[in-house]
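Inspection log for the structure reproduced underneath, given as structure tokens.
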Amino acid sequence: MIWAVRISGFLLFRVLKTGSDTRFDHIRSHFFKFLGFWVGQIVWVWTVSLPVVILNSPAVSDTSNQGSDPTFGTSRDIAGVVLWALGLFIEATADIQKYKYKASKSRPKDQPMRKGLWAWSRHPPYFGEMMCWWGIWILCLSPSTNGSIPGGSTSALYGAIVSPIFTVLLLMFASGVPTAEKPQAKRYYLMSHGSTGANQYLHAWPSYKSYVEETSILIPLPPALYRPLPTFIKQTLLLDFPIYRFDENEDGRLAIEEASN
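Start counting the sequence shown at 656; every next residue gets the next number (the numbering used here).
Below is the structure:
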């Protein structure tokens, strides 16, 4: 409930202030793409709720039906709550920092945000979101680890790991990072190479490329630590996959053609 109120309240406040959600400008005019997004959201809500739904099922928590209800305070409870709280803090803080930065009239338009959590991660809200759902899943495991429930119920609780895994896959390959990375790169590229503002924002694209090279895509890391890491490490262990890269030759050419039409 806290998570839902936090994120829905922030999104509503932002839309009321800005008039729209610009993350979906490129798909809003395509019916099936936009429909696919909302269907995906329905599937996501159902999937991520599985740990809580299974935990509260009679076969798991009803002591009169072979369930178990261990006292709160197990190691899983503590680890889950800490992970969830930290994730919520990161997510909420990053959203507030980004909103205040965008609302500032003195911010440089040709520079990506390099303040607060955004100096350590290009997508800290997504990282916090993932932490929240890993925390919820761990929190729901106590009946199987500190209680006595049937084998099928135990399997169901552990099987609910699809909740955080699905969240990670969704944010990394569907409605999260992919909807932000290339569109943002395209904006800075056109600032330096497009027909409008090219002379005014010559340093926009070089500045953005520098930001990408020294800022982790997801896992918060100090730029001084991230910058010298080998490209192989960044593109594998640190999840900055090549699919997110804006290719100046191909993507740049298409961006300029679209801007010219």
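All C-beta atoms in this analysis are idealised placements derived from N, C-alpha and C, irrespective of residue type, glycine included. In this text, all values refer to a predicted model and were calculated from it rather than measured experimentally.
Contiguous alpha helix (DSSP H) assignments of at least 4 residues, all confined to the stretch 810-875: Unbroken alpha helix (DSSP H) runs of no fewer than 4 residues, entirely contained in the stretch 810-875, are found at 817-828, 836-848 and 859-869, following chain order.
Residue 794 versus residue 721: straight-line alpha-carbon distance, rounded: One-based indexing of the sequence shown puts residue 794 at position 139. One-based indexing of the sequence shown puts residue 721 at position 66. If you draw a straight line from the Cα of residue 794 to the Cα of residue 721, it comes to about 20 Å.
DSSP-derived helix/strand/coil call for residue 723: Start at 1 with the first residue of the sequence shown, and residue 723 comes out as number 68. Coil.
Residue 642 vs residue 894 beta-carbon contact at 8 Å: The structure shown has nothing for residue 642, since the chain only spans 656 to 916.
Cβ-Cβ separation, residue 810 to residue 950 (assumed contact under 8 Å), whole Å: This structure leaves residue 950 out entirely; the chain is present only between 656 and 916.
Local Cβ density within 10 Å of residue 902, reported as buried at 16 or more and exposed below that: To locate residue 902, count along the sequence shown from 1; it is residue 247. Burial call: exposed.
Secondary structure of residue 730, DSSP reduced to three states: The residue labelled residue 730 in the question sits at position 75 within the sequence shown. Residue state for residue 730 is assigned as helix, using DSSP reduced to three classes.
Extent of the continuous alpha helix (DSSP H) to which residue 770 belongs: Here residue 770 is taken as the residue at index 115 of the sequence shown, counted from 1. Unbroken run through residue 770: none, as it is neither H nor E.
Secondary structure of residue 776, DSSP reduced to three states: In the sequence shown, the residue the question calls residue 776 occupies position 121. Of the three classes helix, strand and coil, the one that applies to residue 776 here is strand, per DSSP.
Reference residue 771, options 843, 786, 765 and 755, closest by Cα: Working through the sequence shown from its first residue, we reach residue 771 at position 116. Looking at the Cα atoms, 755 is the closest of the given residues.
Exposure of residue 923, with buried meaning 16 or more beta-carbon neighbours within 10 Å: This structure cannot speak to residue 923, because the chain is shown only from 656 to 916.
Sequence-distant residues of the same chain with beta carbon closer than 7 Å to residue 859, five excluded per side: For the purposes of this step, residue 859 is taken as residue 204 along the sequence shown, with counting starting at 1. Leaving aside the five residues that flank residue 859 on each side, the residues in its chain whose CB is nearer than 7 Å to its CB run, in chain order, 765, 843, 846 and 847.
Whole-Å CB distance - residue 703 paired with residue 822, under 8 Å assumed: On the sequence shown, position 48 is the one that residue 703 refers to. On the sequence shown, position 167 is the one that residue 822 refers to. Confirmed, Cβ separation roughly 6 Å.
Span of the alpha helix (DSSP H), counted from its first residue to its last, around residue 696: In the sequence shown, residue 696 corresponds to position 41, counting from 1. Per DSSP, residue 696 belongs to the alpha helix (DSSP H) from 686-703.
Contact check, residue 812 vs residue 715, beta carbons under 8 Å: In the sequence shown, the residue the question calls residue 812 occupies position 157. In the sequence shown, the residue the question calls residue 715 occupies position 60. It is a contact, given that the beta carbons lie within the stated cut-off.
Collapsed DSSP secondary structure at residue 760 in the structure displayed: Working through the sequence shown from its first residue, we reach residue 760 at position 105. Three-state DSSP puts residue 760 in coil, outside helix and strand.
C-alpha gap between residue 800 and residue 724, whole angstroms: The sequence position of residue 800 within the sequence shown is 145, counting from 1. The sequence position of residue 724 within the sequence shown is 69, counting from 1. Near 11 Å, if we compare the C-alpha coordinates of residue 724 and residue 800.
For residue 804 and residue 904, the rounded distance between their alpha carbons: Working through the sequence shown from its first residue, we reach residue 904 at position 249. Working through the sequence shown from its first residue, we reach residue 804 at position 149. Whole-angstrom Cα-Cα distance: 58 Å.
Inter-residue spacing [alpha-carbon to alpha-carbon] between residue 808 and residue 790: For the purposes of this step, residue 808 is taken as residue 153 along the sequence shown, with counting starting at 1. For the purposes of this step, residue 790 is taken as residue 135 along the sequence shown, with counting starting at 1. The alpha-carbon atoms of residue 808 and residue 790 are separated by roughly 20 Å.
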